[in-house]
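Listed in order, the protein sequences are those of chains A and F.
Here our numbering runs 116 ahead of the position in the first sequence, where the first position is 1.
Here our numbering runs 116 ahead of the position in the second sequence, where the first position is 1.
Notes for the one structure printed next.
Number of protein chains: 2
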Amino acid sequence: MHESLFSYINQNAASPLTSDEEALIMASFQPKKYRKKQYFLQEGDVCKYVGFIVKGAMRQYSVDDKGAEHIVNLFLENWWVSDRESAVMLTPSRYNIDTWEDTELLVATVADMVDLIGKIPLFGQMTRLMDQRSFIASQRRLNSTISNTADKRYEEFADNHPKFIQRFPQHIIASYLGITKDTLSRVRKQAMKK
Amino acid sequence: MHESLFSYINQNAASPLTSDEEALIMASFQPKKYRKKQYFLQEGDVCKYVGFIVKGAMRQYSVDDKGAEHIVNLFLENWWVSDRESAVMLTPSRYNIDTWEDTELLVATVADMVDLIGKIPLFGQMTRLMDQRSFIASQRRLNSTISNTADKRYEEFADNHPKFIQRFPQHIIASYLGITKDTLSRVRKQAMKK
DNA sequence: TCCACTCATCGACATTTGTCTACGTTTTTT
DNA sequence: AAAAAACGTAGACAAATGTCGATGAGTGGA
Chain A
117 MHESLFSYIN QNAASPLTSD EEALIMASFQ PKKYRKKQYF LQEGDVCKYV GFIVKGAMRQ
177 YSVDDKGAEH IVNLFLENWW VSDRESAVML TPSRYNIDTW EDTELLVATV ADMVDLIGKI
237 PLFGQMTRLM DQRSFIASQR RLNSTISNTA DKRYEEFADN HPKFIQRFPQ HIIASYLGIT
297 KDTLSRVRKQ AMKK
Chain F
117 MHESLFSYIN QNAASPLTSD EEALIMASFQ PKKYRKKQYF LQEGDVCKYV GFIVKGAMRQ
177 YSVDDKGAEH IVNLFLENWW VSDRESAVML TPSRYNIDTW EDTELLVATV ADMVDLIGKI
237 PLFGQMTRLM DQRSFIASQR RLNSTISNTA DKRYEEFADN HPKFIQRFPQ HIIASYLGIT
297 KDTLSRVRKQ AMKK
């Protein structure tokens, strides 16, 4: 089960892990199974864990005054899951994270992650790359959100993330794009005509 | 002039820099002065430099098919400036970065930054923190953008970034928020009544 | 099998936001 | 000092998006 994590790390660092390093990592990450709709993190709690998705699908979202959910992030296999704001600042999270499908995770504490970054340079490189990529993806999405209308946002999204479209229902995608499910339905109808 | 950079680093790392380390850093960062409206980076170029703002104000924006500008980021004193996507991926940038006021920068090449991260652990810590903070800020803004209507976005923004409001004109703020200057004007008018 | 629930779509209507043109003021440039 | 440009606001209208209630198809659980 840890293999998918090791191969992920090896793909994202300059050289392969030694078996000692693998052992260290293995010791920090516990396999956990979540059934559909279970919480990984609840609003108000401090995020103390980081998960690596071996199999499954998850979402991160906030809930507004009216009870409406707003999807901040979607996750699939080989993605890291956590609320970084809460984990880094040690503040109560404003988000919920839960599973959308039955999901297998490798879970480590934030403290152990920091430890591994200190002990294994390759691990540090990998997390640095992961931080940078997350930021880049976030900036792209932001740019798309402030620059385009709903139809172009959906088109871009569908092109760049076909797997999300396959795995998550439309009202989730709509929320991720910052529109209502009704608007997404209209947008798709228009797009069909072409 | 390098002092503001040193004190920034010392504020964001576990222990203070040694004078050897300061010398190394000093050698990599060249002071540069930009007059208002000068480009730091143009769309299509690969971002090869990273700037630290000693004094001044800058903006990062994309330009759409119709020639409209969309503000992706605003920068003031003690902020790092670069297009991280271009710098990390070595791809042509989709953004422009220019000065909004006369600005004093400390500029290093991306290659030198990587070098410093390798040579000075404290510098690595600082950039890691900076990456994480950038991501957190980006996520917050994204959440606000997809969750709120224009008036709440502006209210939140004004509360969290009063300095931006003082230094940048309204049409820039509007673009940053993903609305037109006309809408922002209306929103402000409504807010006055309360 | 039946029931409850989720999901996507639709239409009518309300609200928000964008577009465009115009105007007066302020700021910058010549 | 004069001219030009940038800036904020305004109103009228158009377009995009949200809201709500209803429907039917599909899904999973009891």
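Backbone N, C-alpha and C define an ideal beta-carbon position, used for all residues, glycine too.
- Closer than 7 Å to the CB of residue 176 of chain A there is not a single CB belonging to chain F.
- Taking 8 Å as the upper bound for CB-CB distance, residue 299 of chain A and residue 253 of chain A are not in contact here, some 23 Å apart.
- In this structure, A/264 is the residue among A/197, A/297, A/224, A/264 with its C-alpha nearest to the C-alpha of residue 181 of chain F.
- Nearest in C-alpha terms to residue 158 of chain F, of all of F/118, F/136, F/211, F/227, is F/211.
- In this structure, the beta-carbon distance from residue 161 of chain F to residue 131 of chain F does not fall below 7 Å.
- Look at residue 188 of chain F: its C-beta is under 7 Å from a C-beta on chain A.
- Note: residue 285 of chain F is not bridge-paired with any residue in the DSSP secondary-structure output.
- For a cut-off of 8 Å, the C-beta gap from residue 173 of chain F to residue 217 of chain F is around 4 Å, short enough to register as a contact.
- Boundaries of the beta strand (DSSP E) around residue 147 of chain F: 146 to 150.
- Considering only F/122, F/144, F/143, the residue with the shortest C-alpha distance to residue 134 of chain F is F/122.
- Distances from the alpha-carbon of residue 178 of chain F to those of F/306, F/271, F/302, F/294 put F/294 closest.
- Of all residues in the stretch 202 to 231 of chain A, only 204 come within less than 7 Å of chain F when Cβ atoms are compared, listed by chain position.
- Around the beta-carbon of residue 155 of chain A, fewer than 16 other beta-carbon atoms lie within 10 Å, marking it exposed.
- Burial check for residue 136 of chain F: the Cβ neighbour count within 10 Å stays below 16, so the residue is exposed.
- The C-beta distance from residue 307 of chain A to residue 297 of chain A rounds to 15 Å, too long to fall under 8 Å, and the pair is not in contact.
- Here the alpha carbon of residue 272 of chain A sits roughly 22 Å from the alpha carbon of residue 256 of chain F.
- Below 8 Å, enough C-beta pairs join the stretch 220 to 240 of chain F and the stretch 141 to 155 of chain F to call them touching: three or more.
- Using a 10 angstroms sphere on the CB of residue 245 of chain A, the tally of other CB atoms stays under 16, which defines it as exposed.
- The beta carbon of residue 294 of chain A falls within 7 Å of a beta carbon belonging to chain F, placing the residue at that interface.
- Within chain A, no C-beta atom comes less than 7 Å from the C-beta of residue 126 of chain F; the nearest is roughly 19 Å away.
- Across the structure, residue 303 of chain A and residue 234 of chain A are spaced so that their CA atoms are roughly 48 Å apart.
- With contact defined as three or more Cβ pairs closer than 8 Å, the stretch 195 to 208 of chain F and the stretch 275 to 288 of chain A are not in contact.
- Within a 10 Å sphere around the beta-carbon of residue 250 of chain A sit 16 or more other beta-carbons, which makes this residue buried.
- DSSP places residue 264 of chain F in the coil class of the three-state scheme, outside both helix and strand.
- Annotation: Cβ neighbours of residue 258 of chain A in chain F (cutoff 8 Å, chain order): 188, 254, 257, 258, 261.
- Using a Cβ-Cβ cut-off of 9 Å, residue 244 of chain F is close to 233, 240, 243, 244, 247 of chain A, given in chain order.
- For residue 165 of chain F, the enclosing beta strand (DSSP E) has its first and last residue at 165 to 171.
- With respect to the 7 Å criterion, residue 241 of chain F and residue 129 of chain F are classified as neighbours on the basis of their beta carbons.
- Collapsing the DSSP output to three states places residue 236 of chain F in coil.
- Here residue 230 of chain A is exposed: its Cβ has fewer than 16 other Cβ atoms, across all protein chains shown, within 10 Å.
- Counting along the chain, no beta strand (DSSP E) covers residue 117 of chain F, and no H or E run does either.
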